[in-house]
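In mature numbering (1 follows the signal peptide of the UniProt record, and there is no 0), the protein residues as written are -19 to -1, 1 to 227.
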């Protein structure tokens, strides 16, 4: 909820993109999301999803993003991770509450006309305060001038603190629940496939629909909290282009 309120504040103060020397340009939007009630859950829940894409960050002579170029480049990376409480599922009764997390980071990209690949590292600046790394790629094609479809593999790695936050069970929690104590290590969290369709309404507005299939791996899959290793998320969001000049 706090992350949602923060996003609304950004929407209210940001202005459409204009040309300035120092600029942060991004797309932000919201829409319905149908996803597992919590990581590893076999129950699905309807919630509010957030869509964020860094379009360009320019500060003096340093620039990230902008017009697509062939070959290697730098990129920013953002992810919002939902919180967890017993309100999500009765299965979580007796487990500690986890606040929503905001991950920020960056990485490298490789782009061609019909393919993009990336490798990014993020840190939970709000929330879990741990590191994750994600590698992926997309094949891209354009059925029409306004419609883009991208699909490709995804792999997520987490450090011990990250895996422990979402898949660990402390001795205190084990005493209060039917779960056994579980202390996972760092490692591969999931592998999967992402499919995303983007329809451009105008230069500023877009509709983004996505389907994400993830298969839990390693200690995350072995966790007593993981009732289903297959995790499927679908969402639709309306996004707008915004810019901050500084």
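Every residue, glycine too, gets a C-beta built ideally from N, C-alpha and C.
Computed from a predicted model, the values in this text were never measured in an experiment.
If you follow the beta strand (DSSP E) that residue 36 is in, where does it begin and where does it stop? Position 55 of the chain shown, counted from the start, is the residue given in the question as residue 36. From DSSP, the beta strand (DSSP E) with residue 36 extends over 25 to 40.
Kindly indicate which three-state DSSP category residue 161 falls into: helix, strand or coil? The residue given as residue 161 occupies position 180 in the chain shown. Residue 161: coil per DSSP, three-state reduction.
At 3 residues or longer, what runs of the beta strand (DSSP E) sit wholly inside the stretch 166 to 202? 168 to 181, 186 to 197
Range of the contiguous beta strand (DSSP E) that encloses residue 16: Working through the chain shown from its first residue, we reach residue 16 at position 35. Note, residue 16: beta strand (DSSP E), 4 to 17.
Taking DSSP's pairing of strands, which residues face residue 135 in a bridge? The sequence position of residue 135 within the chain shown is 154, counting from 1. Paired residues: 117, 173.
So what's residue 154 in DSSP terms, helix, strand or just coil? Counting from one through the chain shown, the residue named residue 154 turns up at place 173. Helix at residue 154.
Around the C-beta of residue 123, are 16 or more other C-beta atoms found within 10 angstroms, so that it is buried, or is it exposed? Your numbering for residue 123 matches position 142 in the chain shown. Exposed, because fewer than 16 other Cβ atoms sit within 10 Å of the Cβ of residue 123.
Cα-Cα separation between residue 135 and residue 86, rounded to whole angstroms: By one-based count along the chain shown, residue 135 stands at place 154. By one-based count along the chain shown, residue 86 stands at place 105. Going from the Cα of residue 135 to the Cα of residue 86 covers about 17 Å.
Short of 6 Å in beta carbon distance, which residues of its chain neighbour residue 225, apart from the five on each side in sequence? Order them along the chain. Position 244 of the chain shown, counted from the start, is the residue given in the question as residue 225. Within the same chain, residue 225 has close Cβ partners 5.
What three-state label does DSSP hand residue 101 in the structure shown? Position 120 of the chain shown holds residue 101. Residue state, collapsed to three classes: strand.
Curious, which full-length alpha helix (DSSP H) runs of at least 4 residues does the stretch 44 to 78 contain? none
If you check the beta carbons only, do residue 178 and residue 30 fall under 8 Å apart? Taking the first residue of the chain shown as position 1, residue 178 is located at position 197. Taking the first residue of the chain shown as position 1, residue 30 is located at position 49. No. Outside cutoff.
Using only the alpha-carbon positions, how far apart do residue 66 and residue 51 sit? For the purposes of this step, residue 66 is taken as residue 85 along the chain shown, with counting starting at 1. For the purposes of this step, residue 51 is taken as residue 70 along the chain shown, with counting starting at 1. Taking the straight line from one Cα to the other gives about 44 Å.
Could you name the residues of the same chain whose beta carbon sits closer than 6 Å to that of residue 227, not counting the 5 residues immediately before and after it, in chain order? If you number the chain shown from 1, residue 227 lands on position 246. Correct list, in chain order: 3.
Beta-carbon proximity list for residue 100, same chain, < 6 Å, skipping 5 on both sides: Position 119 of the chain shown, counting from 1, holds the residue named residue 100. Result list for residue 100: 88, 89, 116, in chain order.
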